[in-house]
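Colleague: Pasting a structure here, questions to come.
In the working numbering, the protein residues as written are 125 to 324.
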């Protein structure tokens, strides 16, 4: 396992390329977002997704899975939304939100049985640089930890998950407030978890 220091204000493109290659090879990473640190993998790699589900003990096919896209046009390849929901995303993304939409069939086998997908476009240049370098979305879920420091401090996350994670992106101490989750599968958007984001 490797720890790569990447600062948002001065992103090392060589390190970003190394992270993208790791993901292409089926690797698992810990990386910063605009909310909490997250576990991630190539969202098109079924085996890597299953590894993350195992780490998080997400055994039920009904457990929601979320992906990070580079922009809304990429979201359209993986989720179904209408013009009203498009405007909702446009008003709030990039930002600390997870929008839940019906999933499209382009998603891999790990999503089968899950009729929805969570969509994130974080306001974090490191995250977006990784997704752009990979050229497709990454699966994302919060890093598990027994206390605050093990969810915020990259060195402690590296120590706790060294046997299951390939790269930890160290961008300094992270936050504890998660994204706001907005369910867009009904007639009206419904906030099912109020987090960092204030919906416009």
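Using N, Cα and C, we set each Cβ at its ideal position, and we do this for glycine too.
All values derive from a computational prediction rather than experimental measurement.
In whole angstroms, give me the CA-to-CA distance for residue 319 and residue 165.
Modeller: For the purposes of this step, residue 319 is taken as residue 195 along the chain shown, with counting starting at 1. For the purposes of this step, residue 165 is taken as residue 41 along the chain shown, with counting starting at 1. Cα-Cα distance, rounded: 23 Å.
Colleague: Between residue 284 and the rest of its own chain, which residues show a CB-CB distance below 6 Å, the 5 nearest in sequence each way excluded?
Modeller: As a working mapping, residue 284 is identified with position 160 in the chain shown. So the qualifying residues of the chain are 274.
Colleague: Assign residue 143 to buried or exposed, taking buried as 16 or more other Cβ atoms, counted over all protein chains shown, within 10 Å of its Cβ.
Modeller: Your numbering for residue 143 matches position 19 in the chain shown. Burial call: buried.
Colleague: Restricting to Cα atoms, I'd like to know which of 309, 310, 305 is closest to residue 321.
Modeller: Along the chain shown, one-based indexing puts residue 321 at 197. Cα-wise, what sits closest to residue 321 is 305.
Colleague: If residue 303 sits next to residue 222, beta carbons under 8 Å apart, how far is it from one beta carbon to the other, in whole angstroms?
Modeller: Taking the first residue of the chain shown as position 1, residue 303 is located at position 179. Taking the first residue of the chain shown as position 1, residue 222 is located at position 98. Contact flag correct, Cβ pair sits at about 5 Å.
Colleague: What separation, rounded to the nearest whole angstrom, lies between the Cα atoms of residue 259 and residue 314?
Modeller: Indexing the chain shown from 1 puts residue 259 at position 135. Indexing the chain shown from 1 puts residue 314 at position 190. Residue 259 and residue 314: Cα-Cα distance of roughly 31 Å.
Colleague: Can you find the residues in the same chain that come closer than 7 Å, C-beta to C-beta, to residue 141, ignoring five residues on each side of it along the sequence?
Modeller: Numbered from 1 along the chain shown, position 17 holds the residue referred to as residue 141. For residue 141, where only same-chain residues beyond five positions count, the Cβ hits under 7 Å are 257.
Colleague: For a test of the three-state rule: what should DSSP assign to residue 263, helix, strand or coil?
Modeller: Walking along the chain shown from the start, residue 263 turns up at place 139. It is a strand residue.
Colleague: Hey, residue 220 and residue 159: beta-carbon distance below 8 Å or not?
Modeller: Numbered from 1 along the chain shown, position 96 holds the residue referred to as residue 220. Numbered from 1 along the chain shown, position 35 holds the residue referred to as residue 159. Yes, Cβ-Cβ distance for residue 220 and residue 159 is below 8 Å.
Colleague: What is the rounded straight-line gap between the Cα of residue 167 and the Cα of residue 194?
Modeller: In the chain shown, counting from the first residue as 1, residue 167 sits at position 43. In the chain shown, counting from the first residue as 1, residue 194 sits at position 70. In a straight line, the C-alpha of residue 167 is about 13 Å away from that of residue 194.
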